[in-house]
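Here is the structure we will look at, set down as structure tokens.
There are 2 protein chains.
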Amino acid sequence: MPVFLNAADPGFSAEFAALLGAKREDAPDVDDTVAAIIADVRTRGDAALIELTARFDRLELTAESLAFSAAEIDAHCARVCAEDRAALELAAERIRAYHTRQMPEDARWTDASGADLGWRWSAVGAAGLYVPGGLASYPSSVLMNAIPARVAGVERLVIACPTPDGVVNPLVLLAARLSGVDTVYRIGGAQAIAALAYGTETIAPVDKITGPGNAYVAAAKRRVFGRVGIDMIAGPSEILVIADADNDPDWIALDLLSQAEHDESAQALLITTDAAFGQRVAQAVDRRLETLERRAIAGASWRDFGAVIVVETLDQAAELSDRIAPEHLELCVADPEALLTRIRHAGAVFMGAWTPEAVGDYIGGPNHVLPTARSARFSSGLSVLDFLKRTTIARMTPQALAEIGPAGERLAQSESLEAHGLSIRARLDRLNRRG
Amino acid sequence: MPVFLNAADPGFSAEFAALLGAKREDAPDVDDTVAAIIADVRTRGDAALIELTARFDRLELTAESLAFSAAEIDAHCARVCAEDRAALELAAERIRAYHTRQMPEDARWTDASGADLGWRWSAVGAAGLYVPGGLASYPSSVLMNAIPARVAGVERLVIACPTPDGVVNPLVLLAARLSGVDTVYRIGGAQAIAALAYGTETIAPVDKITGPGNAYVAAAKRRVFGRVGIDMIAGPSEILVIADADNDPDWIALDLLSQAEHDESAQALLITTDAAFGQRVAQAVDRRLETLERRAIAGASWRDFGAVIVVETLDQAAELSDRIAPEHLELCVADPEALLTRIRHAGAVFMGAWTPEAVGDYIGGPNHVLPTARSARFSSGLSVLDFLKRTTIARMTPQALAEIGPAGERLAQSESLEAHGLSIRARLDRLNRRG
Numbered sequence: 044m045p046v047f048l049n050a051a052d053p054g055f056s057a058e059f060a061a062l063l064g065a066k067r068e069d070a071p072d073v074d075d076t077v078a079a080i081i082a083d084v085r086t087r088g089d090a091a092l093i094e095l096t097a098r099f100d101r102l103e104l105t106a107e108s109l110a111f112s113a114a115e116i117d118a119h120c121a122r123v124c125a126e127d128r129a130a131l132e133l134a135a136e137r138i139r140a141y142h143t144r145q146m147p148e149d150a151r152w153t154d155a156s157g158a159d160l161g162w163r164w165s166a167v168g169a170a171g172l173y174v175p176g177g178l179a180s181y182p183s184s185v186l187m188n189a190i191p192a193r194v195a196g197v198e199r200l201v202i203a204c205p206t207p208d209g210v211v212n213p214l215v216l217l218a219a220r221l222s223g224v225d226t227v228y229r230i231g232g233a234q235a236i237a238a239l240a241y242g243t244e245t246i247a248p249v250d251k252i253t254g255p256g257n258a259y260v261a262a263a264k265r266r267v268f269g270r271v272g273i274d275m276i277a278g279p280s281e282i283l284v285i286a287d288a289d290n291d292p293d294w295i296a297l298d299l300l301s302q303a304e305h306d307e308s309a310q311a312l313l314i315t316t317d318a319a320f321g322q323r324v325a326q327a328v329d330r331r332l333e334t335l336e337r338r339a340i341a342g343a344s345w346r347d348f349g350a351v352i353v354v355e356t357l358d359q360a361a362e363l364s365d366r367i368a369p370e371h372l373e374l375c376v377a378d379p380e381a382l383l384t385r386i387r388h389a390g391a392v393f394m395g396a397w398t399p400e401a402v403g404d405y406i407g408g409p410n411h412v413l414p415t416a417r418s419a420r421f422s423s424g425l426s427v428l429d430f431l432k433r434t435t436i437a438r439m440t441p442q443a444l445a446e447i448g449p450a451g452e453r454l455a456q457s458e459s460l461e462a463h464g465l466s467i468r469a470r471l472d473r474l475n476r477r478g
Numbered sequence: 044m045p046v047f048l049n050a051a052d053p054g055f056s057a058e059f060a061a062l063l064g065a066k067r068e069d070a071p072d073v074d075d076t077v078a079a080i081i082a083d084v085r086t087r088g089d090a091a092l093i094e095l096t097a098r099f100d101r102l103e104l105t106a107e108s109l110a111f112s113a114a115e116i117d118a119h120c121a122r123v124c125a126e127d128r129a130a131l132e133l134a135a136e137r138i139r140a141y142h143t144r145q146m147p148e149d150a151r152w153t154d155a156s157g158a159d160l161g162w163r164w165s166a167v168g169a170a171g172l173y174v175p176g177g178l179a180s181y182p183s184s185v186l187m188n189a190i191p192a193r194v195a196g197v198e199r200l201v202i203a204c205p206t207p208d209g210v211v212n213p214l215v216l217l218a219a220r221l222s223g224v225d226t227v228y229r230i231g232g233a234q235a236i237a238a239l240a241y242g243t244e245t246i247a248p249v250d251k252i253t254g255p256g257n258a259y260v261a262a263a264k265r266r267v268f269g270r271v272g273i274d275m276i277a278g279p280s281e282i283l284v285i286a287d288a289d290n291d292p293d294w295i296a297l298d299l300l301s302q303a304e305h306d307e308s309a310q311a312l313l314i315t316t317d318a319a320f321g322q323r324v325a326q327a328v329d330r331r332l333e334t335l336e337r338r339a340i341a342g343a344s345w346r347d348f349g350a351v352i353v354v355e356t357l358d359q360a361a362e363l364s365d366r367i368a369p370e371h372l373e374l375c376v377a378d379p380e381a382l383l384t385r386i387r388h389a390g391a392v393f394m395g396a397w398t399p400e401a402v403g404d405y406i407g408g409p410n411h412v413l414p415t416a417r418s419a420r421f422s423s424g425l426s427v428l429d430f431l432k433r434t435t436i437a438r439m440t441p442q443a444l445a446e447i448g449p450a451g452e453r454l455a456q457s458e459s460l461e462a463h464g465l466s467i468r469a470r471l472d473r474l475n476r477r478g
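Protein chains in written order, with this note's numbering: chain A, 44 to 478; chain B, 44 to 478.
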């Protein structure tokens with residue numbers, strides 16, 4: 044049974060704090076192992092990559108077979124049935140349409156001093172997407188990472204995806220093709236991250252690495268951060284549903300379970316204004332858990348980290364929601380727009396009972412790579428901005444420099460940075476001699 | 044003497060690669076020390092902070108004196124002369140005007156399926172700015188960090204700035220006041236970062252930490268990343284000047300020295316189409332080094348990491364510049380706009396000989412917190428976006444769900460995420476029963 048809390052209870056504040064602070068994941072300390080693997084790939088390149096892939100994935104590669112050939116990808120894609128292909132194509136199209144709207148504008152303007160200012164966006168040159176192998180090899184994640192990169196204008200887009208025992212998910216390759224990925228490498232783990240960051244004889248280095256992975260991949264991403272850009276380190280999935288009594292308990296139960304089934308460390312929370320409704324949802328969860336394929340995982344998540352929280356008002360719900368800063372937030376209430384205005388910290392919001400969170404995982408359009416572990420307080424889901432960077436632009440006229448330069452010189456002197464001041468002064472002196 | 048390279052020489056490619064790969068900074072490994080300090084502050088809060096400040100800054104504080112009082116700030120600000128105040132005010136105004144233009148737009152739209160999609164930006168709740176003490180305690184950095192945070196709408200904005208032996212730079216306090224900073228704490232080092240990230244009895248935790256610092260501060264920021272957001276870890280400063288022969292060698296020399304004087308590990312590079320001009324700039328640097336206050340630092344930087352690179356064409360210059368991906372790039376050429384279109388990777392660009400880089404450090408308007416160490420390939424300077432996060436929004440109508448839901452269900456099944464699929468199916472079944 045999950046925790047039942049009532050915001051009106053005297054002990055609520057402490058119980059809620061305990062829920063927020065619960066450590067859901069014990070990441071193993073693999074940092075030394077990862078450091079050694081990265082050093083090995085930096086030193087020995089392809090040879091290390093091939094050796095490590097043989098050891099960890101039981102797969103014998105050569106420099107030539109590190110990447111799938113076009114013919115191999117063709118053959119795998121041909122195995123995908125028409126219905127799956129159509130679903131992936133619809134998802135790709137909708138994700139592309141959403142992310143295309145995110146493209147930011149360049150700007151240039153001239154201010155009152157005559158200074159010409161602005162900025163310009165440009166795409167990262169090359170990006171590498173990590174795609175886990177085995178059970179967590181999700182084609183939807185390929186779309187969610189690769190399409191924003193392509194929309195941003197990234198020139199070279201590659202995937203690293205381990206294929207243990209040579210097994211590959213054909214949908215992953217089809218998603219890569221639909222997203223415009225250039226190359227798919229059959230490599231995984233810390234060795235793949237090292238190859239993407241530093242390059243080998245066969246694999247050119249990239250500038251940015253995104254995508255989920257296990258503890259080794261996460262530790263390797265942390266280590267190469269700075270050499271290349273990385274996305275956030277993802278934690279276990281979370282959902283918060285805020286629901287009034289006017290909902291089908293079974294729908295809400297399924298929405299909670301759709302995150303709980305990801306991982307035993309996932310967290311599914313319900314905040315409701317109606318205690319009896321909360322009970323009905325919990326009963327519906329139990330019923331669904333009797334037959335759900337992933338009931339062992341979803342049941343453990345719900346038992347260990349699930350909670351039903353009863354509040355008096357939706358204002359209270361919004362306040363608690365902001366303290367949770369959930370990755371996914373469903374507003375299953377009569378007026379979700381009104382409630383949304385009171386919410387500040389959430390990765391993605393799903394408005395109304397007809398918008399199950401799963402829509403956002405696949406075909407809504409917004410990205411499903413979202414901030415976990417309360418990081419929606421300070422970070423955003425993946426977007427085209429993750430594959431772009433901004434160059435600021437400034438151009439002074441002699442008149443503009445005459446107007447604002449002396450203040451710059453003064454500040455340089457106050458910071459004892461003489462050459463800074465002199466670089467302005469030398470120009471001002473020329474103007475004064477002219478004047 | 045710095046390196047002189049000519050792109051036409053047979054050995055150029057290797058020499059240029061060596062220049063790019065030169066390790067300029069040997070960061071000491073302080074990670075264990077930093078981990079212990081963070082653990083101490085998490086466990087003992089204010090008491091640890093007070094003890095560590097006594098040890099490292101030779102300053103006895105109490106919980107009450109951790110922060111400057113308003114009266115103390117008043118008294119320090121009153122020590123600032125009118126000229127320095129006016130210069131800071133002009134800088135603040137110009138930085139505010141530039142960053143106000145960066146505020147991104149929210150978006151909502153309805154697509155062909157009837158799905159209502161969009162996103163909304165909101166500010167981080169609380170931000171902490173680290174400001175180094177002593178010689179590198181720069182008021183300009185306070186403006187560059189605090190103003191974007193305030194423009195973004197951050198509610199609580201605090202500074203941590205160590206005051207070794209109780210010495211404080213009054214300009215830092217004035218800059219904090221002009222930027223709208225709420226509280227300035229007299230703490231520094233890893234202990235300050237720990238207090239900002241985790242909070243103590245007196246200091247409420249923040250959501251985002253930005254600002255430069257020494258190796259301890261940088262290691263602490265890396266460690267608390269995830270708990271809070273951080274900005275990039277800054278490396279030593281860099282400038283690349285691309286100049287044709289039609290420039291005053293002394294201006295260019297001063298621009299190079301304005302970065303070289305920051306740090307012995309700073310790097311100042313000149314690319315020119317005229318070898319004789321390159322020689323004249325090097326001579327001008329030597330002349331200026333005879334008298335420059337910070338000649339020991341600037342001279343070491345120029346000798347060890349400076350370079351003059353001669354190219355045939357500006358196209359070649361642009362190509363090399365993109366491989367360098369400089370933090371600061373000056374285009375001192377007849378047509379800087381034309382050259383800009385050929386540049387892709389740079390933190391900030393300064394257009395034409397009347398725009399010395401120092402303008403950008405103080406009063407141009409753009410931010411001076413910029414990507415170093417080739418990270419302009421994948422990251423941007425500080426901006427209002429660093430203090431904002433985006434929540435995506437999706438709202439399905441029953442009709443929209445009927446149109447796109449089946450594809451989502453299909454993809455969920457293909458990923459063996461049954462509850463995801465069922466959460467869509469339960470709603471589609473209701474529609475079908477209605478229909």
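In this text, a Cβ means the ideal position worked out from N, Cα and C, and glycines have one as well.
Segment contact: the segment 356 to 373 of chain B against the segment 314 to 325 of chain B, three or more CB-CB distances shorter than 8 Å; contact assigned. When DSSP states are grouped into helix, strand and coil, His371/B belongs to the strand group. Contact residues of the segment 269 to 291 of chain B toward chain A are Gly269, Val271, Gly272, Ile276 (C-beta to C-beta distance below 7 Å). One Cα belongs to Leu335/B, the other to Gly349/B, and the distance between them is close to 17 Å.
Contact between the segment 232 to 248 of chain B and the segment 391 to 407 of chain B is absent: fewer than 3 CB-CB pairs across the two stretches fall below 8 Å. Residue-level contact check: Gly408/A touches chain B, since one or more beta carbons of chain B fall below 7 Å from its beta carbon. For the segment 68 to 99 of chain A, the set of residues with a beta-carbon nearer than 8 Å to any beta-carbon of chain B is empty.
Taking Phe55/A as the centre and dropping the five residues before and after it, the same chain places the C-beta of Leu48, Asn49 closer than 7 Å to its C-beta, in chain order. Less than 7 Å divides the Cβ of Tyr173/A from the Cβ of Val260/A.
Out of Ala391/A, Pro205/A, His305/A, the CA that lies nearest to the CA of Lys432/B is found in Ala391/A. Cβ neighbours of Ile273/B within its own chain (closer than 6 Å, five residues either side excluded): Ile252, Lys264. In the DSSP assignment, Gln310/B falls within the unbroken beta strand (DSSP E) covering 310 to 315. With a minimum length of 3 residues, the unbroken runs of beta strand (DSSP E) contained wholly in the segment 239 to 271 of chain A fall at 251 to 253. Counting every other CB atom within 10 Å of its CB across the protein chains shown gives Leu454/A a total of 16 or more, marking it as buried.
Tyr141/B sits in a helix when the DSSP states are folded into three classes. An exposed status is given to Glu103/B, since fewer than 16 other beta-carbon atoms sit within 10 Å of its beta-carbon.
The C-beta of Ser308/B comes no closer than 7 Å to any C-beta of chain A.
Taking Leu413/B as the centre and dropping the five residues before and after it, the same chain places the C-beta of Glu370, Gly390, Ala391, Gly424 closer than 6 Å to its C-beta, in chain order. Per DSSP, reduced to three states, the secondary structure at Leu109/A is coil, with no helix or strand assignment. Chain order gives no chain B residues near Pro53/A, where near means a beta carbon separation below 8 Å; the closest approach is about 23 Å.
Annotation: the segment 44 to 128 of chain B contains the following complete segments of the beta strand (DSSP E) (minimum length 3 residues), in chain order: 46 to 49.
When C-beta distances to chain B are compared with 8 Å, the residues of the segment 176 to 192 of chain A below that value are Leu178, Tyr181, Pro182, Ser183, in chain order. Straight-line measurement puts the Cα of Glu380/A at about 52 Å from the Cα of Glu68/B.
At a cut-off of 7 Å between beta-carbon atoms, Thr206/A makes no contact with chain B. Non-local C-beta neighbours of Ala106/B in its own chain, meaning closer than 8 Å and more than five positions away in sequence, comprise Asp89, Ile93, Glu244, Thr245, ordered along the chain. For the segment 410 to 466 of chain B, the continuous beta strand (DSSP E) assignments of 3+ residues that do not extend past its boundaries occur at 431 to 438, in sequence order. The contact set of Pro441/A on chain B, defined by CB atoms closer than 9 Å, consists of Trp397 in chain order. When rounded, the separation of the alpha-carbon atoms in Leu299/A and Ile282/A is 7 Å. Under the Cβ distance rule, Thr434/A counts among the residues neighbouring chain B, one pair being separated by less than 7 Å.
DSSP links Met146/A through a beta bridge to no other residue.
Separation of the CB atoms of Arg470/B and Trp164/A is rounded to 39 Å, and the pair is thereby denied contact status at 8 Å. Here Val167/B has Val197, Asp250, Lys251, Phe430 as same chain residues with Cβ atoms under 6 Å from its own Cβ, once five neighbours each way along the sequence are excluded. Around the C-beta of Asn212/B, 16 or more other C-beta atoms lie within 10 Å, and the residue is accordingly described as buried.
Listed in chain order, the positions of the segment 413 to 425 of chain A with a beta carbon within less than 9 Å of a beta carbon of chain B are Leu413, Pro414, Ala416, Arg417, Ser418, Ala419, Arg420, Phe421, Ser422, Ser423, Gly424.
A straight line joining the alpha-carbon of Gly254/A with that of Val185/A spans about 8 Å.
Annotation for Asp159/B: the continuous beta strand (DSSP E) segment containing it runs 159 to 166.
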